[in-house]
Amino acid sequence: MLNHPGTSPRILITGFGPFPGAPVNPTQALVRKLATLRRPAFADTPRIPHIFDVTYATVDRELPELIARHHPDALLMFGLAARTPYIRVETRARNAVSMLWPDAGHTTVRRASIVPGADAQMFGPHTARLFRAALASGADVRSSRDAGRYLCNYLSWRSIEATRVHGGPRLAAFVHVPLLAQDTASRRMTSDELTDTGEAILLEMIRMTRVTLRDAARSSRV
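Here the sequence shown stands for residues 210 to 431, numbered as in this note's numbering.
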């Protein structure tokens, strides 16, 4: 069943498992933490955690299943950008996929686009608010127009498609995170710092989803 406008928004929070070149993916722990944080602001907000295997087939199979089962009002997705030392709030999904890098299931795609002839898809203006919320946490955060050509971009594309289907989630967002510090001498972001920023993003996502649901309810009464 669909979430009734005015009730607490349901948020699907996702990350990825390890993949070739990244035996440890920090989004796994981040998603678990965000789904179990005990805060008054989260008390009436169902948070559904999920970790995708890093394969195209998994995304195509499990994303629709998760939406059908949980009826989330918003999708908040995290992925690893191992070569980037800061957090990236993605603003769009490119119609591009790597033909060079196989996924974790050793599958290599045979075409360079997701949908032949289609333009890039934008997440929407809410990404600017997520960016500001993340920035306010004190982390090094950048807005990004390039989610790459791998599974992060592919999931971004499929999630935006899902928001355009009747009864689908209202909002979707994708955030790239860096590799984390393994010791106190490292200049990399720590796990606690990443959790703090992830929490700030999640809180803003919940707030915006509530507003979106309320506006939809008002429009339906006009």
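Each residue gets a CB set at the ideal place from its N, CA and C atoms; glycine is no exception.
This one's a predicted model, so the numbers in the text were calculated from it and none came from an experiment.
Same chain only: Cβ atoms within 7 Å of residue i, ignoring 5 sequence neighbours per side
{"i": "residue 330", "result": "301, 302, 366 and 369"}
{"i": "residue 357", "result": "none"}
{"i": "residue 328", "result": "304"}
{"i": "residue 281", "result": "219, 220, 221, 257 and 378"}
Residues that DSSP places opposite residue i in a beta bridge
{"i": "residue 223", "result": "259 and 286"}
{"i": "residue 302", "result": "330"}
{"i": "residue 296", "result": "350"}
{"i": "residue 231", "result": "228"}
Inter-residue spacing [alpha-carbon to alpha-carbon] between residue i and residue j
{"i": "residue 324", "j": "residue 229", "result": "25 Å"}
{"i": "residue 343", "j": "residue 274", "result": "29 Å"}
{"i": "residue 252", "j": "residue 242", "result": "15 Å"}
{"i": "residue 394", "j": "residue 400", "result": "In this prediction, residue 394 scores a pLDDT of 49, lower than 50, which makes its location untrustworthy; no coordinate-derived value is stated."}
{"i": "residue 424", "j": "residue 316", "result": "42 Å"}
{"i": "residue 227", "j": "residue 427", "result": "43 Å"}
{"i": "residue 272", "j": "residue 347", "result": "32 Å"}
{"i": "residue 389", "j": "residue 397", "result": "6 Å"}
{"i": "residue 372", "j": "residue 314", "result": "27 Å"}
{"i": "residue 311", "j": "residue 232", "result": "15 Å"}
Residues near residue i in its chain [Cβ-Cβ closer than 6 Å; skip 5 each side]
{"i": "residue 284", "result": "221, 368, 378 and 381"}
{"i": "residue 293", "result": "387"}
{"i": "residue 407", "result": "239 and 243"}
{"i": "residue 267", "result": "261"}
Anticipated Cβ contact below 8 Å, residue i with residue j, distance rounded
{"i": "residue 288", "j": "residue 336", "result": "At roughly 15 Å, the Cβ-Cβ gap does not stay under 8 Å, so residue 288 and residue 336 are not in contact."}
{"i": "residue 308", "j": "residue 318", "result": "6 Å"}
Sequence-distant residues of its chain with Cβ nearer than 8 Å to residue i (five each side left out)
{"i": "residue 322", "result": "304, 305 and 306"}
{"i": "residue 392", "result": "Residue placement at residue 392 cannot be trusted, given a pLDDT of 49 that sits under 50; the coordinates are not used to answer."}
{"i": "residue 350", "result": "295, 296, 297, 298, 340, 343, 344 and 406"}
Exercise for review: Could you name each continuous beta strand (DSSP E) segment of 3 residues or more that falls completely within the region 361–408, going from the start of the chain to the end?
Suggested key: Here the runs fully enclosed are 380–386.
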